[in-house]
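In the working numbering, the protein residues as written are 40 to 298.
One structure is given below, encoded as structure tokens.
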Ligand SMILES: NC(=O)c1ccc[n+]([C@@H]2O[C@H](COP(=O)([O-])OP(=O)(O)OC[C@H]3O[C@@H](n4cnc5c(N)ncnc54)[C@H](OP(=O)(O)O)[C@@H]3O)[C@@H](O)[C@H]2O)c1
């Protein structure tokens, strides 16, 4: 979508989106060289760690707070239009769940290294600003965009992806009884087909958002998520195969029947 005014900042937001794609690619290369450093891979004695619940709540909160701040402190003129409001709401609904609900449901989560938490926090500030500034100030949609097939298919993918993500996280959480911290083979739902069903849901969700927003900014976020989560899913898959002799060999890594 083309910027309505101040084209300089519009192209600045495009540049930030391309940079986000580059960060995703760089992140996936780095994750192949060095294992991601939280959860099951966290070193038992890193210099500084944040309890899992506090880490998730704090690091994800900017994705909620920054858009609210952007909308409150700027003219947010494009939010007079329904498509912009719906798209921003899709982003906020996900992050309300991720920062205000998900952390408090975690069971026995491993403390997060401070630097991982800091990197995630910085990404959430960056991406929260990028998505909200674009949707509130620049994105121009026809008023009937919400009936366009790209929006409708994208919205359905976003919703289905979010439900898969939440359901799969629920399955993982319930593998542990209160007080347990160990790992078991996940069963049920899309875990019957892939190792990282929760990541599959998240990837579908942001691909749907990208399609519905039909923007470089939405596409960049989906690409970033894909790069990071495919790398982490590959590590999880290998980890299960090494640790559990009876791990189902037919399970794919992240995309049912494909990858
Ligand atoms: N958009 C993005 O770029 C992005 C990036 C990262 C994460 N996320 C999302 O954030 C959420 C959490 O991500 P994550 O990387 O922490 O997911 P994860 O590694 O699958 O772990 C999720 C939770 O389940 C527990 N768990 C995982 N496997 C288990 C098993 N086999 N047995 C018992 N407990 C198990 C973990 O405990 P431990 O902590 O003790 O391992 C953790 O509390 C997901 O929904 C993911 O999609 C999004």
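Ideal Cβ placement from N, Cα and C applies to all residues, glycine included.
Keep in mind that this is a model prediction, so the values were computed, not measured.
Under 8 Å, do residue 82 and residue 167 count as touching if we go by C-beta distance? Contact: no.
Is residue 168 a contact residue of ligand 1, with contact defined as CB to any heavy atom under 7 Å? For ligand 1, not one heavy atom lies less than 7 Å from the Cβ of residue 168.
Nonlocal neighbours in the same chain, by C-beta distance under 7 Å from residue 120, ignoring five residues either side: Taken in chain order, the residues that qualify are 180, 182.
Among 51, 214, 284, 107, whose alpha-carbon lies nearest the alpha-carbon of residue 145? For the residues 51, 214, 284, 107, the minimum Cα distance to residue 145 belongs to 214.
Quick check on DSSP: helix, strand or coil for residue 297? For residue 297, the three-state secondary structure derived from DSSP is coil.
Please say whether residue 247 and residue 296 have beta carbons closer to each other than 8 Å? No, Cβ-Cβ distance for residue 296 and residue 247 is not below 8 Å.
Give me the DSSP bridge partner(s) of residue 151. For residue 151, the beta-bridge partners assigned by DSSP are 89.
Does the segment 104 to 115 touch the segment 65 to 77, meaning 3 or more C-beta pairs lie closer than 8 Å? Because the criterion of three Cβ pairs below 8 Å is not met, the segment 65 to 77 and the segment 104 to 115 do not touch.
Between residue 284 and the rest of its own chain, which residues show a CB-CB distance below 8 Å, the 5 nearest in sequence each way excluded? Excluding positions up to five away in sequence, the list is empty.
Buried or exposed: residue 234, going by 16 or more other Cβ atoms within 10 Å of its Cβ? So residue 234 ends up on the buried side.
From 176, 256, 288, 278, residue whose alpha carbon lies closest to that of residue 60: Ranking 176, 256, 288, 278 by Cα distance to residue 60 puts 256 first.
If you measure between the beta carbons of residue 134 and residue 52, is that distance less than 8 Å? With a cutoff of 8 Å on beta-carbon distance, residue 134 and residue 52 are scored as not near each other.
Residue interval of the alpha helix (DSSP H) (run including residue 135): Per DSSP, residue 135 belongs to the alpha helix (DSSP H) from 121 to 135.
Distance cut-off 7 Å: residue 145 Cβ against heavy atoms of ligand 1: Short note on residue 145: C-beta closer than 7 Å to some heavy atom of ligand 1.
Can you round the beta-carbon distance between residue 240 and residue 203 to whole angstroms, since I take them to be within the 8 Å contact cut? With 8 Å as the limit, residue 240 and residue 203 qualify as a contact, their Cβ atoms being about 3 Å apart.
Alpha carbon to alpha carbon, how far is residue 178 from residue 41? Give it in angstroms, no decimals. Summary for residue 41: the model assigns pLDDT 43, below 50, so the residue's position carries little reliability; its value from the coordinates is reported in the next sentence. Roughly 7 Å between the two C-alpha positions.
Hey, would you say the C-beta of residue 135 is under 7 Å away from at least one heavy atom of ligand 1? Relative to ligand 1, residue 135 has its C-beta separated by 7 Å or more from all heavy atoms.
Enumerate in chain order the residues of its own chain whose CB-to-CB distance from residue 159 is below 6 Å, with the five nearest sequence positions on each side excluded. Around residue 159: 98.
Looking at the strands, I want to know which residues DSSP matches up with residue 291. Its beta-bridge partners are 233.
Among 54, 249, 273, which has the Cα closest to the Cα of residue 262? A check of alpha carbon separations from residue 262 across 54, 249, 273 identifies 249 as the nearest.
Can you check which of these residues, 56, 163, 201, 287, is closest to residue 231 by C-alpha distance? Nearest of 56, 163, 201, 287 to residue 231, Cα basis: 287.
Proximal residues to residue 252 (C-beta, below 6 Å), its chain only, five neighbours per side dropped: So the qualifying residues of the chain are 126.
Cβ-based neighbour list, residue 218, same chain, cut-off 8 Å, excluding 5 preceding and 5 following: The residues are 147.
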